[in-house]
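In this note's numbering, the protein residues as written are 2 to 836.
Ideal placement from N, C-alpha and C gives every residue a C-beta, glycine not left out.
Model, not experiment: these values are computed from the prediction.
For reference, the structure is listed below as structure tokens.
Below, the structure is given as structure tokens:
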């Protein structure tokens, strides 16, 4: 452990009690006059020292000859840093001695001088130009230069050491003190160590310019920028929690209705492996936190039991979109059409499945009275896409609102200045920017490190410019110019690319790589900290250079807020979040973080997450990305010449499942015709059609027109005859079969996502779906027809096949029967084309 020197201890004492000698300077023109500099200004101790308070003794170290003081007094000198320092000027009877002197000063009126720092040695001739004499006789006589071989391949400690030893043997052949205590040997090893360190830094910088060997995100992004490849950043976990106003999982009887608002930015916590505590914040991100978004909760909105109208039927069927709950707690202006609720079961038997799912209401809750039982109930009705995918047991079924969005990580805030303003504001790091072509003056680049991102990562989210086929991300960072009181004067934008900004745009960007303290030292009683580039992990905020982005004025004050992600540990199982008591941060923490998280309201006692968090993603691995970039560069063609080019580029979009392109000779040129299979639909919407047409115009070859055409749909009609269990109503069986074949659920056999160009419809798949439904005992017959092509015939072959440019479709929509239909009969199919 390194122990600080006496001068450092004096400089860092708090409160200031004593001072001591820093060093002694000699007047160059009058060697009898010396100046004693002190670590702490002698006039700034609690009881200021007077010049006459000093007792002075000076004598030769070897001869012990005393020097007599003629005058003593205070003078004010300006040092090399431009600071005024009070020094004790002493004039002795003579300054002619070449002997080393020992100077001792004492406090005649107290103990204001450190007894261990009041004695020092100096020489009256220390201000002389040479150590031999005080006279200067002109330029020294020239000496013969001795050349020697230099090993320019020296790169590490051993090779540098060998090179210096070879030089010493040639330059100083009489030097025989090659032993460990020798000072020259020590300096040789120190220099070899520095050379080794510099060579490592040089090699590291060189390797960062080579794609195969680079290690840092900053280097990777600079090299792949021209290719348009972007590393996926770190994404936080996000989801929902349920806030309870009580300490149990069941709603207490007689609980009064109470509205409580929770503010975005309120902290809750999750516990992970090895007792790790992971912070989560209420809200959807930094924008909600900055806007002070609130979320309404109510004491009666959680754990409402489902109403069972008849004990002989405790289930509601698959496909149901309505449910009644006991009580009227959900009759509230805060719950209406568009509200999201949680439906869950809490089974007691091990063989009963656990069900949890969200539903979004499409109607306002309706209050009803069960006259037979004599209780008030609330009927809920939700959207078609939220229809039940299974039979639901109501015995232990509960409905809850109080759903509040949460995101992993924590908001941090730092205030800083452009240039040194006051000790309360850390100055931004200044470095020279790129040299302009028309000037020799380099602009100043200002950077502010985001310190917490080193350990906890930086939170990112999809930006407004993101598209399904070209994802773009924006950092959860906000920047504002403030005054000394912290009042926001102007909001600055945080952009992803400074090259899109002009000289007047108030903007900054996020740069990969951490900048921070490298080392510190004490200079004239003040601690200095040098900050420089450290590297990955971590991020920093960078301002513009005056041409791409406004250069901030010196003296400006800024506040930057940013969210950490905690992605490495944020994917937690269900029921892993909890509340903690509101904690007041200590003074040091409050000073380091100017954002004060809102307190959790006293009315909310517990919270829990009904679903696991599984969407947190670590930043893309650079080593894996190196393997992807060459293929990405080749695969991401931004021009379409062949049919395959159109198909690859358009199918890469997330809203398109498949694309079919053909070319035809249309006179003097070839034209391309493009048909698409949209995701989740059988036809293009007007917005998507316009977007695709624009995209095709951007990628087509000049002189070769390209057109977006309607897809050739091939409607299919089915007629099915089954035998059933007489205990199961035929209508229920029909509903189940239709739900498995033609519902809006993705797993339905004839859902648009499962059919594309040239898709085959297999008889085995169809029979499996039908036979799996409760109550079906036998499949008697299946007939099919391609509408408009043929009549009904038995489905006897293994599969039905369409042409490569056709998409089979079976919508079973009474409003649009031309898109296919399904008819289900009991025992046999009637004769004729229609039943």
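- CA-to-CA, the gap between residue 798 and residue 345 works out to about 44 Å.
- For residue 206, the enclosing alpha helix (DSSP H) covers residues 184-208.
- Within a 10 Å sphere around the beta-carbon of residue 581 sit fewer than 16 other beta-carbons, which makes this residue exposed.
- In terms of Cα proximity to residue 105, the closest of 82, 230, 242, 62 is 62.
- The DSSP assignment places 707-709, 713-725 as complete runs of the beta strand (DSSP E) inside the stretch 693-739, in order along the chain (cut-off: 3 residues).
- For residue 455, the uninterrupted alpha helix (DSSP H) segment begins and ends at 454-457.
- Ranking 299, 653, 641 by CA distance to the CA of residue 663 puts 641 first.
- The Cβ-Cβ distance between residue 362 and residue 389 does not fall below 9 Å.
- The C-alpha of residue 476 is placed about 14 Å away from the C-alpha of residue 453.
- Going by beta carbons, residue 237 and residue 571 fall inside the 9 Å limit.
- In the three-state reduction of the DSSP assignment, residue 24 falls in the strand class.
- Residue range 101-108 is occupied by the beta strand (DSSP E) that includes residue 108.
- Looking only at 76, 69, 259, 112, the smallest Cα-Cα distance to residue 95 is reached by 69.
- Counting along the chain, residue 537 sits inside the beta strand (DSSP E) bounded by residues 527-544.
- The alpha-carbon separation between residue 699 and residue 823 amounts to approximately 42 Å.
- Rounded to whole angstroms, residue 701 and residue 673 show a C-alpha spacing of 9 Å.
- Between residue 354 and residue 577, the alpha-carbon positions lie close to 21 Å from each other.
- Pairwise C-beta distances place the stretch 651-659 out of contact with the stretch 610-621, as fewer than three of them are shorter than 8 Å.
- DSSP places residue 346 in no alpha helix (DSSP H) but in the uninterrupted beta strand (DSSP E) bounded by 341-346.
- Closest in alpha carbon position to residue 775, among 391, 622, 595, 747, is 391.
- Around the C-beta of residue 620, 16 or more other C-beta atoms lie within 10 Å, and the residue is accordingly described as buried.
- Per DSSP, residue 446 is one residue of the beta strand (DSSP E) stretching across 445-451.
- Taking C-alpha positions only, residue 792 is separated from residue 760 by approximately 21 Å.
- Under DSSP, the beta-bridge partners assigned to residue 382 are 323.
- For residue 491 and residue 455, the gap between their C-alpha atoms comes out near 28 Å.
- Taking residue 54 as the centre and dropping the five residues before and after it, the same chain places the C-beta of 108, 109, 110 closer than 7 Å to its C-beta, in chain order.
- Per DSSP, the beta bridge partners of residue 780 are 723.
- Between residue 405 and residue 296, the gap from beta carbon to beta carbon is short of 9 Å.
- For residue 766, the enclosing alpha helix (DSSP H) stretches over residues 764-772.
- Taking the Cβ atoms as the reference, residue 558 lies roughly 7 Å from residue 485, within the contact range of under 8 Å.
- Here DSSP, grouped into helix, strand and coil, assigns residue 371 to strand.
- Beta-bridge annotation (DSSP): residue 244 is paired with 608.
- It is roughly 33 Å from the alpha-carbon of residue 569 to the alpha-carbon of residue 432.
- In this chain, residue 288 is not harboured by any beta strand (DSSP E); it is covered by the alpha helix (DSSP H) spanning 287-292.
- Residue 742 has its alpha-carbon roughly 12 Å from the corresponding atom of residue 717.
- Secondary structure at residue 349: coil, using DSSP grouped into helix, strand and coil.
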